[in-house]
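Beneath this line is the structure, given in structure tokens, with notes to follow.
In my numbering, the protein residues as written are 343 to 465.
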């Protein structure tokens, strides 16, 4: 119970942090539009700085912290994946391409047959 109370206290100002993030995004959008005559490199740098500040603020919220935990766990899971070799990838790709071509011919033949039957029925 005490851990839950500590967590709630740590994130008790989340609404203010989200408001700050929304304000940063608004400043970035309006500023980029207002300073459209400035060189693009300056505008990109300012937007990157604003984005990093907004990301930092988001990570300090409860949902941001939870997202960070999920991303770290996903990274661990990606390391566990056994990736196919180049030969396996090429063979699988050739099988898929072959099946697509076969299905294309089957559907083309079916379409031709049904079109021919429809033309016989309609006259």
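A virtual CB, placed ideally from N, CA and C, is assigned to each residue, including glycine.
query: Within 8 Å, do at least three Cβ pairs link the segment 364-374 to the segment 385-399?; result: yes
query: Please specify which runs of the alpha helix (DSSP H), each continuous and at least 4 residues long, are wholly inside the segment 365-410, giving them in chain order.; result: 382-401
query: Beta carbon of residue 413, beta carbon of residue 395: below 9 Å?; result: no
query: Buried or exposed for residue 359, please, with buried defined as at least 16 other CB atoms from any protein chain shown within 10 angstroms of its CB.; result: buried
query: Going by DSSP in three states, residue 355 sits in which element: helix, strand or coil?; result: coil
query: On the CB-based measure, 16 or more other CB atoms within 10 Å of its CB, does residue 370 come out buried or exposed?; result: buried
query: May I ask which residues mark the beginning and end of the alpha helix (DSSP H) holding residue 465?; result: Looking at the DSSP string, residue 465 is not in any alpha helix (DSSP H), and its letter there is neither H nor E.
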